[in-house]
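> Under our numbering, think of the first position of the sequence shown as 21, with each following residue one higher. Just so it is clear, CB atoms sit at the ideal spot from N, CA and C, and this is done for glycine as well. Could you have a look at this structure, given as structure tokens, before my questions?
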Amino acid sequence: MLRRLGLWAVPLLCVVATVAAPSGAFAPERISVTLVAARLHQVVVPRATAATRPIPPDFACRKGMAALTFDDGPHGRYTPRLLKILRRENVQASFFVTGQNTTRYPAVVRSTLRAGHAVENHSWDHPYLTSLSRKKAASQLSRTSRAIRRATGRSPAYFRPPFGATSKKVRSIARRQGLQQKLWTIDTLDWAGRSVKRIHRTVRQGLRPHRTNVILMHDAVRRSPTSLEAVPGVIREVRARGYCFVPVEAVTPSVVVRSADRSLAEPSKGSSVVPLHVWLDDRTPRRGTIRATFVDGTAKAGRDYVGTSRTVVFGRGGYAHDVGVRIVADPEATGSRYFWLRLDRASALRVGTRKVKVVIRDAQASSAPTQQQLVDEWASPSAPSDSPPGAP
Ligand SMILES: [Zn+2]
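This is the structure:
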């Protein structure tokens with residue numbers, strides 16, 4: 021009975037997902053998008069292993085990259101139709117399949133991979149991995165990877181926990197199986213009966229320039245005919261706004277700085293090192309670097325802080341890094357002062373935040389800085405989320 025129900029049970033389960041989906045980092049941010057002259061760009065990423073896959077050239081993607089992902093498949097009827105649409109539009113997408121459906125439609129999974137798309141792991145039968153024992157959660161992932169391997173000869177590199185329900189334990193289980201977690205940033209809620217128009221609007225409003233953009237849709241739920249109908253328009257919207265389509269593993273994470281770290285207390289005497297947290301808005305699938313430089317504002321290097329320039333390295337799977345800055349006590353100075361943290365020369369990463377104003381609060385000052393003092397300059401109109409990616 022459950023087996024028969026399996027396919028249609030998924031959308032019902034997904035309904036719970038929006039309520040339960042815990043990660044603030046992946047709630048789509050509502051931003052206004054300026055319409056610009058459409059220039060259609062195509063970046064074709066040749067199929068290769070995740071490690072050797074080349075990063076598409078940034079110059080071709082004025083606003084950055086976007087990945088189209090389809091969950092819960094494959095489906096015997098919808099997935100082949102979707103493959104046709106993607107072929108016509110020349111888009112490579114990523115399919116997060118369940119093991120159960122993979123064994124049901126192995127030929128569809130094979131043709132998905134053959135068509136140049138990525139096939140990734142979405143658990144065996146879509147449970148909350150967080151509520152399972154370590155052993156059962158591990159089996160959900162390993163059985164699915166095995167089914168994908170059997171169908172295609174290739175192992176998946178990523179997994180997406182059903183409902184986005186994840187934890188440190190789930191990620192560590194997956195890591196042991198060589199699977200990296202990949203959630204989403206734009207939830208189209210296509211399974212919930214949204215109209216094509218509404219799906220388009222959700223994507224349009226969710227796109228964030230120079231940030232990680234991962235669009236979530238479904239190709240094996242009751243509402244999938246509407247999803248399929250919406251796909252060409254989604255592709256048009258995304259491209260017209262200057263983004264390129266790449267499979268999830270080719271999406272380059274963006275460097276951001278948490279707003280909470282932009283106000284530092286001046287030591288009462290001597291000097292002290294304060295960490296500034298530099299984050300990626302998604303875990304990086306490959307090693308990436310960025311240069312961090314402290315630049316004078318009203319605070320002067322030498323007198324108020326120690327000015328340095330250094331390369332910040334994010335290892336594979338990493339997303340956070342501390343950049344220490346030494347703040348010097350200045351008994352002469354009164355009032356708050358600021359300097360800039362400048363981020364540039366990114367390699368295998370995108371610069372999300374270019375420049376951040378860092379306020380040194382006067383040791384004598386009794387009150388905390390006002391919100392206005394903390395206003396900084398961002399490279400793009402959207403402020404980054406304050407939660408690390410994949411936060412449970
Ligand atoms: Zn799902």
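In the structure shown, what three-state DSSP assignment does His-341 receive?
The count along the sequence shown starts at 1 and reaches residue 341 at position 321. If DSSP states are grouped into helix, strand and coil, His-341 belongs with the strands.
> I believe Thr-313 touches Leu-369 by the beta-carbon criterion, under 8 angstroms. Please report the beta-carbon distance rounded to the nearest angstrom.
Here residue 313 refers to the residue found at position 293 when the sequence shown is read from its first residue. Here residue 369 refers to the residue found at position 349 when the sequence shown is read from its first residue. Not a contact, Cβ separation roughly 16 angstroms.
> Kindly indicate the opening and closing residues of the beta strand (DSSP E) around Arg-261.
On the sequence shown, residue 261 is found 241 positions in, with the first residue counted as 1. It is not in any beta strand (DSSP E) - Arg-261 carries neither H nor E in the DSSP assignment.
> Report yes if the C-beta of Pro-147 is less than 6 angstroms from at least one heavy atom of ligand 1; otherwise report no.
As a working note, residue 147 is residue 127 in the sequence shown. Every heavy atom of ligand 1 is 6 angstroms or more from the Cβ of Pro-147, so no.
> Considering only residues of the same chain and omitting the five flanking positions on each side of Ser-247, which have a CB-CB separation below 7 angstroms?
As a position in the sequence shown, residue 247 is number 227, starting the count at 1. Asp-210, Met-237, His-238 and Asp-239.
> Could you tell me if Arg-365 is buried or exposed, where buried requires 16 or more neighbouring beta carbons within 10 angstroms of its beta carbon?
Numbered from its first residue, the sequence shown carries residue 365 at position 345. Exposed, by the Cβ-count rule.
> Since Val-254 contacts Ala-87 with CB under 8 angstroms, what's their CB separation in whole angstroms?
In the sequence shown, counting from the first residue as 1, residue 254 sits at position 234. In the sequence shown, counting from the first residue as 1, residue 87 sits at position 67. Val-254 to Ala-87, Cβ: 12 angstroms. No contact.
> On the criterion of 16 or more Cβ atoms from any shown chain inside 10 Å, does Ala-57 qualify as buried, or is it exposed?
Position 37 of the sequence shown, counted from the start, is the residue given in the question as residue 57. Per-residue confidence for Ala-57 stands at a pLDDT of 28, beneath the threshold of 50, marking its modelled position as unreliable; no derived number is given.
> In whole angstroms, give me the CA-to-CA distance for Ser-367 and Arg-242.
Translated into the one-based positions of the sequence shown, residue 367 becomes position 347. Translated into the one-based positions of the sequence shown, residue 242 becomes position 222. Approximately 42 angstroms, taken between the alpha carbons.
> When you compare the CB positions of Ile-347 and Ile-380, do they come within less than 7 angstroms of one another, or not?
Along the sequence shown, read from residue 1 onward, the residue named residue 347 stands at position 327. Along the sequence shown, read from residue 1 onward, the residue named residue 380 stands at position 360. Yes. Within cutoff.
> Once the 5 residues before and after Thr-150 are set aside, which same chain residues still bring their CB inside 7 angstroms of it?
Position 130 of the sequence shown, counted from the start, is the residue given in the question as residue 150. Closer than 7 angstroms at Cβ, skipping near neighbours: Ala-185, Thr-186, Ser-187 and Val-190.
> Any heavy atom of ligand 1 within a distance shorter than 6 angstroms of the CB on Asp-324?
Position 304 of the sequence shown holds residue 324. False, no ligand heavy atom lies under 6 angstroms from that Cβ.
> Decide if Glu-257 is buried, meaning its Cβ has at least 16 other Cβ atoms within 10 Å, or exposed.
For this step, residue 257 is matched to residue 237 along the sequence shown. Answer is buried; the Cβ neighbour count reaches 16.
> By the 10 Å Cβ neighbour count, where 16 or more other Cβ atoms means buried, how is Phe-46 classified, buried or exposed?
Counting from 1 along the sequence shown, the entry for residue 46 is found at position 26. Interpretation of Phe-46 is limited by its pLDDT of 32, a score under 50 that renders its predicted location unreliable; no figure is taken from the coordinates.
> Should Gly-344 go down as buried or exposed, given a rule of 16 or more other Cβ atoms within 10 Å for buried?
Here residue 344 corresponds to residue number 324 of the sequence shown, with the count starting at 1. Exposed: under 16 other Cβ atoms inside 10 Å.
> Using a Cβ-based criterion (distance less than 6 angstroms to any ligand heavy atom), does Pro-182 qualify as near ligand 1?
Working through the sequence shown from its first residue, we reach residue 182 at position 162. Yes - ligand 1 has a heavy atom lying nearer than 6 angstroms to the Cβ of Pro-182.
> State the Cα-Cα distance for the pair Pro-351 and Leu-363, rounded to the nearest angstrom.
Along the sequence shown, read from residue 1 onward, the residue named residue 351 stands at position 331. Along the sequence shown, read from residue 1 onward, the residue named residue 363 stands at position 343. Distance between the alpha carbons of Pro-351 and Leu-363: 30 angstroms.
> From the DSSP output, which residues share a beta bridge with Arg-357?
The residue labelled residue 357 in the question sits at position 337 within the sequence shown. Paired residue(s): Ile-380.
> Compute the distance between the beta-carbons of Leu-284 and Tyr-339, then report whether it is under 7 angstroms.
The residue given as residue 284 occupies position 264 in the sequence shown. The residue given as residue 339 occupies position 319 in the sequence shown. Taking 7 angstroms as the Cβ cut-off, Leu-284 and Tyr-339 do not qualify as a contacting pair.
> Between His-137 and Ala-113, how many whole angstroms is the CB-CB distance? I'm expecting something under 8 angstroms.
The residue given as residue 137 occupies position 117 in the sequence shown. The residue given as residue 113 occupies position 93 in the sequence shown. The Cβ separation is near 5 angstroms, so the contact holds.
> Can a CB atom of chain C be found closer than 7 angstroms to the CB of Thr-304?
Looking for chain C here will not work: only one protein chain is present.
> For Val-298 versus Val-277, is the C-beta distance shorter than 7 angstroms?
Numbered from its first residue, the sequence shown carries residue 298 at position 278. Numbered from its first residue, the sequence shown carries residue 277 at position 257. Contact: yes.
> Within 8 angstroms, do at least three Cβ pairs link the region 125-141 to the region 91-110?
With a cut-off of 8 angstroms, the region 125-141 and the region 91-110 count as touching, because enough Cβ pairs lie within range.
> So, Pro-273 versus Asp-302, is the Cβ gap smaller than 7 angstroms?
To locate residue 273, count along the sequence shown from 1; it is residue 253. To locate residue 302, count along the sequence shown from 1; it is residue 282. Cβ distance < 7 angstroms, so Pro-273 and Asp-302 count as in contact.
> Which residue or residues does DSSP assign as beta-bridge partners of Val-294?
Here residue 294 is taken as the residue at index 274 of the sequence shown, counted from 1. Looking at the DSSP assignment, Val-294 forms a beta bridge with Val-345.
> Can you tell me whether Asp-364 is helix, strand or coil according to DSSP?
Taking the first residue of the sequence shown as position 1, residue 364 is located at position 344. Strand at Asp-364.
> How should Gly-262 be labelled, buried or exposed, when 16 other C-beta atoms within 10 angstroms of its C-beta is the threshold for buried?
Taking the first residue of the sequence shown as 1, we reach residue 262 at position 242. Result: buried.
> Just the C-alpha distance for Trp-144 and Gly-93, rounded to the nearest angstrom, thanks.
Position 124 of the sequence shown, counted from the first residue, corresponds to residue 144. Position 73 of the sequence shown, counted from the first residue, corresponds to residue 93. Using only the alpha carbons, I get a separation of about 11 angstroms.
> So, is Gly-84 buried or exposed, given that buried needs 16 or more other C-beta atoms within 10 angstroms?
Working through the sequence shown from its first residue, we reach residue 84 at position 64. Per the 10 Å Cβ criterion, buried.
> Please check the pair Thr-208 and Ile-168, which I expect to be a contact at CB under 8 angstroms, by giving their CB distance rounded to whole angstroms.
Taking the sequence shown and counting its residues from 1, one reaches residue 208 at position 188. Taking the sequence shown and counting its residues from 1, one reaches residue 168 at position 148. That pair is no contact at about 24 angstroms.
> Using the beta-carbon count (16 or more within 10 Å), is Lys-202 buried or exposed?
Residue numbering aside, residue 202 sits at position 182 when the sequence shown is read from its first letter. With 16 or more other Cβ atoms within 10 Å, it is buried.
> Where are the alpha helix (DSSP H) runs, 4 residues long or more, that stay fully inside the region 297-327, in chain order?
If we require 4 residues or more, the region 297-327 turns out to have no alpha helix (DSSP H) run fully inside it.
> Sort out for me which residues DSSP pairs Gln-201 with in a bridge.
Position 181 of the sequence shown holds residue 201. Gln-201 pairs with Phe-179.
> Going by C-alpha to C-alpha distance, which of Glu-286, Arg-196, Ser-153 and Gly-119 sits closest to Ala-171?
Taking the first residue of the sequence shown as 1, we reach residue 171 at position 151. Of the candidates Glu-286, Arg-196, Ser-153 and Gly-119, the one whose C-alpha sits nearest the C-alpha of Ala-171 is Gly-119.
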